[in-house]
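Residue numbers (the working numbering): 393 to 781.
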């Protein structure tokens, strides 16, 4: 599905249930997406729907040329205080965002900006109500009409016991840094969510429709086989389609690539902006990893040790031949901390290690034994510096 088309249909009020779920997932992915949509609504208020839809219809190369000319003109005239009109400003934002791809990976984006503000697991119901989920609770969750949504047993929420429904209603579970959670979907598919992740899913899958969920972050899927109802995981602009299998997807917004690792079974991967075509979709074999480059919209495959990518399900932090700058991201998610490094030479140092019950202090201490550096811990904030002579 094309996000420009989805936004246009949203403004017209013509979204299908599947398109509405796709739009809601896109909105939830980042504040930038939310801000962009708000600006587009302002265009409609100021210029009318027709002008916005005309912008949507511009060919990408033509639109991009127009934006470049506008930017160059503004650059030459900046001393004269010549500013964009509201329409041109919002059109430029839209064309750049849609022409180059929503959610483009920003190489210079500080990791700390991605840290969530909440430290509790939350469940957003279809009506917008948000419930706080405690991992030591035993409870039955119900909707506003008293119908059973699911039953929680500690760190697992089971929807296979949900009440019958003929309407497609979505819930969204959000897991903050430092925590993990498990969801059993209505078809008994089990999803393990890693720290800093969220999953949007139907309370109950409906007969005759694909089983589609929307993932941000990382999740391990143990999908129940159902030949009549393919299971689809949408992560930004990549879809993974299966019938029944076990696989891991890592799709954090701040990462440039979406990684899919297949443990058993088979999956097909394709661009979510396009309809599924068995002939053109890419097949992934067990023991292999597929990396989807968000910027270039391309897939790359490599054979891997799947345990490295699924160890987190058992609470392990597995690192193999990874540069420290990437390890920092894992540590922030795993321990719910913010790490600032003032030691650039450490960024590209390669480490291999496996941790289980170690504290963040013990983990960092282990790394210093390989490459010396100093660090200070103040609550949830950690600062790394070069070793003092």
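C-beta atoms are modelled at their ideal positions from N, C-alpha and C, and glycine is treated no differently.
Bear in mind the structure is a predicted one, so any value in this text is a computation, not a measurement.
Give the DSSP bridge partners of residue i, in chain order.
i, result
"residue 584", "574 and 612"
"residue 695", "680"
"residue 651", "642 and 683"
"residue 709", "747"
"residue 603", "623"
"residue 665", "Bridge partners of residue 665: none, in fact."
"residue 732", "775"
"residue 514", "524 and 566"
"residue 532", "543"
"residue 769", "774"
"residue 631", "626 and 662"
"residue 550", "543 and 576"
"residue 656", "638"
"residue 690", "685"
Who are the Cβ neighbours of residue i in its own chain at under 6 angstroms, not counting the five residues just before and after it?
i, result
"residue 604", "624"
"residue 618", "none"
"residue 720", "731"
"residue 516", "522 and 564"
"residue 511", "568"
So what does DSSP say about residue i, is it helix, strand or coil?
i, result
"residue 592", "strand"
"residue 419", "helix"
"residue 623", "strand"
"residue 702", "helix"
"residue 413", "helix"
"residue 718", "helix"
"residue 755", "helix"
"residue 464", "Here the model assigns residue 464 a pLDDT of 48, short of 50, so the residue's position is not dependable, and the following value carries that caveat. Looking at residue 464 - three-state DSSP - the assignment turns out to be helix."
"residue 778", "coil"
"residue 563", "strand"
"residue 521", "coil"
"residue 762", "helix"
"residue 488", "Because residue 488 carries a pLDDT of 47, less than 50, the predicted location of this residue cannot be relied on, and no value is offered for it."
"residue 433", "helix"
"residue 427", "helix"
"residue 857", "Examination of residue 857 is not possible in this model, given that the chain is present from 393 through 781 alone."
"residue 537", "coil"
"residue 671", "coil"
"residue 724", "helix"
"residue 738", "helix"
"residue 617", "coil"
Excluding sequence positions up to five away, which residues of its chain have a Cβ less than 8 angstroms from the Cβ of residue i?
i, result
"residue 748", "707, 708 and 709"
"residue 544", "525, 529, 530, 531, 532, 533 and 550"
"residue 691", "661, 674, 682, 683, 684 and 685"
"residue 670", "660"
"residue 744", "711, 712, 713 and 714"
"residue 735", "765, 776, 777 and 778"
"residue 767", "756, 760, 774, 775, 776 and 777"
"residue 546", "527, 528, 529 and 530"
"residue 746", "703, 708, 709, 710 and 711"
Near residue i, which residues of its chain fall below 7 angstroms by C-beta distance, leaving aside the five closest residues on each side in sequence?
i, result
"residue 554", "540, 541, 542, 578, 595 and 596"
"residue 561", "518, 594 and 595"
"residue 648", "497, 685, 686 and 687"
"residue 762", "743"
How about residue i: is its Cβ closer than 7 angstroms to a heavy atom in the ligand MG?
i, result
"residue 688", "Absence of the ligand MG from the depicted structure is noted, as is the absence of any ligand whatsoever, leaving it without description."
Does chain B have any CB closer than 8 angstroms to the CB of residue i?
i, result
"residue 403", "Going by chain labels, chain B is absent from the structure shown, which holds only one protein chain."
- Query: Quick check: the stretch 567-584 against the stretch 709-729, are there 3 or more CB pairs under 8 angstroms?
  - Reply: Counting Cβ pairs under 8 angstroms, three or more are found: they touch.
- Item | Given 8 angstroms, three or more beta-carbon pairs between the stretch 715-722 and the stretch 664-679 | No contact exists between the stretch 715-722 and the stretch 664-679.
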